[in-house]
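Each protein sequence line maps, in turn, to chains A and B.
Quick note: the first sequence uses the working numbering, first residue 314, plus one each step.
Quick note: the second sequence uses the working numbering, first residue 353, plus one each step.
Note that the Cβ used here is the ideal one computed from N, Cα and C, for glycine as well.
As structure tokens, the structure follows; a few thoughts come after it.
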Amino acid sequence: MGSGGVARERGGARRRMADAVLFEFLHTEMVAELWAPDPDPGSGGKKKSLSVLEGLGFRVGQALGERLPRETLAVREELDALKFLCKDLWAATFQKHMDGLRTNHQGTYVLQDNNFPLLITMGSGSQYLEEAPKFLAFTCGLLCGALHTLGFQSLVTASVTSLPACKFQVVIQKS
Amino acid sequence: MAVCIAVIAKENYPLYIRSTPTENELKFHYMVHTSLDVVDEKISAMGKALVDQRELYLGLLYPTEDYKVYGYVTNSKVKFVMVVDSSNTALRDNEIRSMFRKLHNSYTDVMCNPFYNPGDRIQSRAFENMVTSMMIQVC
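Following this line, the structure appears as structure tokens:
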């Protein structure tokens with residue numbers, strides 16, 4: 314970790330770049346590993362590995378949801394939880410804020426990120442569009458897990474129309 | 353120094369409860385159980401008040417003849433309840449707050465432990481040691 318140490322001396326921003334890329338590499342390998350082509354065509358092979366990635370993200374999200382909120386009781390209602398996701402969670406994981414948050418005020422939220430760090434390395438535009446969803450599965454689980462710790466059951470799906478921008482749709486389930 | 357420390361999940365079942373062994377444990381379990389009502393009251397009262405900042409530390413929940421019960425709630429609605437001896441007047445609010453902060457940090461560490469399933473009873477030795485350091489030393 315020699316280069317990491319030198320970066321730390323130079324300044325806070327450099328240090329964060331070195332830390333961030335470790336997670337990106339790990340994530341890329343996770344997707345490559347869990348996305349083994351299924352020998353049985355047409356079965357639930359593809360879906361199975363996506364749900365494993367989502368499960369991983371869920372557990373990480375649960376832990377982050379416990380560790381990240383500050384001392385004060387910040388989450389009073391749904392919108393506070395979503396704001397926490399867009400600001401604190403996104404800043405801690407991807408070193409940036411979410412670019413847009415829209416809601417229909419009935420439990421559905423659309424989180425828009427115009428420059429998603431895990432997709433930037435894949436190129437921009439419509440190339441690799443079919444490959445993009447599996448790189449978003451972990452992050453969907455992350456959002457779901459963090460919301461679960463804060464007390465909200467949710468369903469999170471992701472969609473990409475043009476790399477590296479993507480949208481996460483969060484539907485809060487009323488119990 | 354506490355005589356009983358409990359961690360209650362958001363569904364109101366205990367994740368961890370420990371009391372000094374010489375006393376009747378059931379008495380403390382019952383005390384913690386009744387204090388949950390007071391905790392819920394305080395949480396809903398905070399929700400209605402138009403305060404910008406809400407504290408995690410709930411303060412003294414209720415005093416009895418021999419004991420005082422303090423409460424703390426986290427952002428994930430996990431509650432910590434601590435019972436201290438009333439005769440121990442040296443224990444100040446700040447000390448109770450710092451004990452709760454230590455509890456919260458340890459609980460967060462337990463949550464981040466990959467071998468821990470959220471919702472299970474806490475069996476981490478590190479957590480046990482931290483709680484031991486906060487409880488009255490008997491024998």
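**Request:** Consult DSSP for residue 370 of chain B and reduce its assignment to one of helix, strand or coil.
**Result:** strand
**Asked** Residues of chain B with a CB under 8 Å from the CB of residue 388 of chain A: which are they?
**Response** 427
**Rounded straight-line distance, which links the Cα of residue 439 of chain A to that of residue 457 of chain B** = 45 Å
**Request:** Would you tell me roughly how many angstroms separate the C-alpha atoms of residue 504 of chain B and residue 380 of chain A, rounded to the nearest one?
**Result:** Residue 504 of chain B cannot be examined here, being either before or after the span of chain B that is shown, 353 to 491.
**Request:** Note down the Cα distance separating residue 485 of chain A from residue 394 of chain A, rounded to an integer number of angstroms.
**Result:** 11 Å
**Asked** residue 434 of chain A lies in the alpha helix (DSSP H); which residues open and close that run?
**Response** No alpha helix (DSSP H) holds residue 434 of chain A; DSSP gives it neither H nor E.
**Asked** Between the Cα of residue 471 of chain A and the Cα atoms of A:428, A:465, A:483 and A:362, which residue gives the shortest distance?
**Response** A:483
**Request:** Spatial neighbours of residue 465 of chain A within its chain, please: CB distance less than 7 Å, with the 5 preceding and 5 following residues excluded, ordered by chain position.
**Result:** 391, 394 and 485
**Integer Cβ distance of residue 354 of chain B from residue 463 of chain B, believed to fall under 8 Å** = Between residue 463 of chain B and residue 354 of chain B the Cβ distance is about 22 Å, and since that is not below 8 Å, they are no contact.
**Test: residue 463 of chain B CB closer than 7 Å to a CB of chain A** = yes
**Asked** Which chain B residues sit within Cβ distance under 8 Å of residue 375 of chain A?
**Response** 463 and 470
**Item:** Contact residues within the region 463-478 of chain A, judged by C-beta distance below 7 Å to chain B
**Value:** 463 and 464
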